[in-house]
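Numbering (this note's numbering), first residue to last: 56 to 328. Cβ atoms here follow ideal geometry from the backbone N, Cα and C, with glycine treated the same way. Quantities reported herein were computed from a predicted structural model and do not represent experimental measurements. Below is one structure; the comments refer to it alone.
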Amino acid sequence: MERIGLRGTPETLLITLYAKAKESELPDSLLRDHFSRRAVEQIDYDFARLRIGRAEQVGIALRAKLFDDWVRDFLARHPACVVLQLGCGLDSRIFRIDPPSTVQWFEVDFPEVIALRERLYPARENCHLLASALTTPDWWRAIPTGRPVLVLSEGALPYVEADKVPWLLRALVAHFRQGELLLDGYSRLGIRLLQWNPMIRRTGAVLHWGIDEPQELEQQVPALQFVEAIAAYDREQIARLSLAMRLLYEITLAIPAMRRMGRLLRYRFATPS
56 MERIGLRGTP ETLLITLYAK AKESELPDSL LRDHFSRRAV EQIDYDFARL RIGRAEQVGI
116 ALRAKLFDDW VRDFLARHPA CVVLQLGCGL DSRIFRIDPP STVQWFEVDF PEVIALRERL
176 YPARENCHLL ASALTTPDWW RAIPTGRPVL VLSEGALPYV EADKVPWLLR ALVAHFRQGE
236 LLLDGYSRLG IRLLQWNPMI RRTGAVLHWG IDEPQELEQQ VPALQFVEAI AAYDREQIAR
296 LSLAMRLLYE ITLAIPAMRR MGRLLRYRFA TPS
């Protein structure tokens, strides 16, 4: 068993890992993430202290499934691409999607997270692990250019200092020159509310970065072109929740400011050589 000593931002990976694992045990599971289930079984950690309920399990699994669908779409259009997952944690996306050998896949996270990942998941050909904080300069220079690239952040960027996010994205866009960016975009209200979420507070992590409208990121990173935004939930999945949670979601959907608190955003970029 792997004893876990993570605190702060790195510890939040256990929230998403456990939520995906527990959702995959449900008879009507959307994600069916057996890789996360096996990882949880190998970890010595009191997951009960995070108090991850069914609503969180379904919500996190749905977000992952929507990102998976976007990744599969990109791979279908660019079968010999580069995929870069920012703040990968213990996400098992590469195993769920099982990309062809023509795809070069890169995972980046804190050194202690990458070390844990290496112990829990098997090595995979064409999957490269980069042990670095996202704000450490030049870690991306280890990734080859010349191919279309898909940059993915599932829950990572909100934990980065607000002024460092545009800096990081400008650097990645300048390095890769052509590709797409996928991320979950929380409004500033959403970030404030998330900070009070008991799961987050128990880890000691601090959230920083949010944008109220997708076009804000176009202004901060001029090479980015906004493509689409989708809700991180749908009515079919809401129907799986308790009556109280269904009513809460209906109220959220009825209030524009609440409806915009959390969305999945897709951008494209192409810079002159």
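Check: On the three-state DSSP scale, how would you describe residue 234?
Finding: Position 179 of the sequence shown, counted from the first residue, corresponds to residue 234. Residue 234: strand per DSSP, three-state reduction.
Notebook entry, point to check: Can you name, in chain order, every residue of its own chain whose Cβ lies under 6 Å from the Cβ of residue 321, other than the five neighbours on each side?
Noted result: Here residue 321 refers to the residue found at position 266 when the sequence shown is read from its first residue. 237, 282 and 283, listed in sequence order.
Notebook entry, point to check: Should residue 139 and residue 161 be called a contact, given that it needs their Cβ atoms to be closer than 7 Å?
Noted result: Within the sequence shown, the letter at position 84 stands for residue 139. Within the sequence shown, the letter at position 106 stands for residue 161. In this structure, residue 161 lies closer than 7 Å to residue 139 by Cβ.
Item checked: Cβ-Cβ separation, residue 264 to residue 212 (assumed contact under 8 Å), whole Å -> Reading the sequence shown from its first residue, position 157 is the one you call residue 212. Reading the sequence shown from its first residue, position 209 is the one you call residue 264. Right, their Cβ atoms sit about 6 Å apart.
Next item on the list: Let me know if residue 156 comes out buried or exposed under the rule of 16 or more other beta-carbons within 10 Å of its beta-carbon.
Entry: As a working mapping, residue 156 is identified with position 101 in the sequence shown. Residue 156 comes out exposed.
Check: DSSP on residue 62, reduced to helix/strand/coil?
Finding: Translated into the one-based positions of the sequence shown, residue 62 becomes position 7. Coil at residue 62, not helix or strand.
Checklist line | Meets three-Cβ-pair contact criterion under 8 Å: the stretch 124 to 138 and the stretch 198 to 208 | finding: yes
Item checked: Beta-carbon gap between residue 115 and residue 71 smaller than 7 Å -> The count along the sequence shown starts at 1 and reaches residue 115 at position 60. The count along the sequence shown starts at 1 and reaches residue 71 at position 16. Yes, Cβ-Cβ distance for residue 115 and residue 71 is below 7 Å.
Note to self: Quick check on the burial criterion: 16 or more other C-beta atoms within 10 angstroms. Buried or exposed for residue 56?
What the structure shows: Taking the first residue of the sequence shown as position 1, residue 56 is located at position 1. Exposed.
Item checked: Distance between residue 151 and residue 220 (C-alpha atoms, nearest Å) -> Here the question's residue 220 lines up with position 165 in the sequence shown. Here the question's residue 151 lines up with position 96 in the sequence shown. Whole-angstrom Cα-Cα distance: 28 Å.
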